[in-house]
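Trainee: I am attaching a structure below and will ask some questions about it afterwards.
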Amino acid sequence: QDETVGEQASELYRDAQVMLKRIVDEKLLTAKAVVGFWPAARDGADDIVIYADDSRSEVIGTLHHLRQQTEKPDGKANASLADFIAPASEGVPDYIGGFCVTTGHGVDELAAQFEAQHDDYNSILLKSLADRLAESFAEYLHRLVRMELWGYATAESLDTEDLIRERYQGIRPAPGYPACPDHTEKATLFRLLDATHACDVQLSENYAMSPASSVS
6 QDETVGEQAS ELYRDAQVML KRIVDEKLLT AKAVVGFWPA ARDGADDIVI
56 YADDSRSEVI GTLHHLRQQT EKPDGKANAS LADFIAPASE GVPDYIGGFC
106 VTTGHGVDEL AAQFEAQHDD YNSILLKSLA DRLAESFAEY LHRLVRMELW
156 GYATAESLDT EDLIRERYQG IRPAPGYPAC PDHTEKATLF RLLDATHACD
206 VQLSENYAMS PASSVS
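Heads up, the sequence shown is in the numbering used here, so the first residue is 6 and it goes up one at a time.
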């Protein structure tokens, strides 16, 4: 309803709804995902070691997490994602999960059809929707993890606003974002998940995911 952009925004929204309906009705895109859980322990200040099984005798990977570098007010600590995992010395059997989702299979082919018709608008709209669907898929999978697959929050009852404000138990950090800025951690994650085989998502030499509409 904005005076300046409301008309264009409403038109874009209607176009997106039409495109979304076509994607669903004609099954134009394919969504795939993989999720895994492993015994884990903090190692030193900033690392997390991942074990093959609950015997915790074989380390199959190490995640390296940077600690926040900014000066905090009032003596607040600089956090690292490793702080969320108990060290082995405490005797607490802790765990970590990982995932990869994509809604990008089919995007390139359909976008190429639009571009061949000189229809850049619908090509961009398709890619934007696929990106949103990937984020929605990640949100859905995380809810499934909390309530069923890991099942530590079986009684969760959150509305959309609660989800946006992340009022659930647990965190879903992603390599490349501020909590985990090092993209190279995706290599370890993809190996542990066998993500390329499980959901057909490739990592480039610079750790970009392909299809682009993917989240891990």
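Note that the Cβ used here is the ideal one computed from N, Cα and C, for glycine as well.
Does the beta-carbon of Gly80 have 16 or more other beta-carbons within 10 angstroms, so that it is buried, or is it exposed?
Mentor: Exposed, since its Cβ has fewer than 16 Cβ neighbours within 10 Å.
Trainee: Would DSSP call Gly102 helix, strand or coil?
Mentor: In this structure, Gly102 counts as strand in the three-state DSSP scheme.
Trainee: CB Pro178 to CB Leu115, shorter than 8 Å?
Mentor: Contact flag unset, no.
Trainee: What whole-angstrom Cβ distance do Val64 and Ile53 have, given they're in contact under 8 Å?
Mentor: Not a contact, Cβ separation roughly 11 Å.
Trainee: Buried or exposed: Ile101, going by 16 or more other Cβ atoms within 10 Å of its Cβ?
Mentor: Classification for Ile101: buried.
Trainee: Going by the CB atoms, is the gap between Arg47 and Pro92 shorter than 8 Å?
Mentor: Yes, the pair counts as a contact, with Cβ atoms nearer than the cut-off.
Trainee: Can you have a look at Pro186 and say buried or exposed, based on whether 16 or more other CB atoms are within 10 angstroms of its CB?
Mentor: Exposed.
Trainee: Alpha carbon to alpha carbon, how far is Thr108 from Ala203? Give it in angstroms, no decimals.
Mentor: About 14 Å.
Trainee: Kindly indicate which three-state DSSP category Leu163 falls into: helix, strand or coil?
Mentor: Looking at Leu163 - three-state DSSP - the assignment turns out to be coil, as it is neither helix nor strand.
Trainee: Short check: CB of Val112 to CB of Pro216, under 8 Å?
Mentor: For Val112 and Pro216, yes; Cβs fall inside 8 Å.
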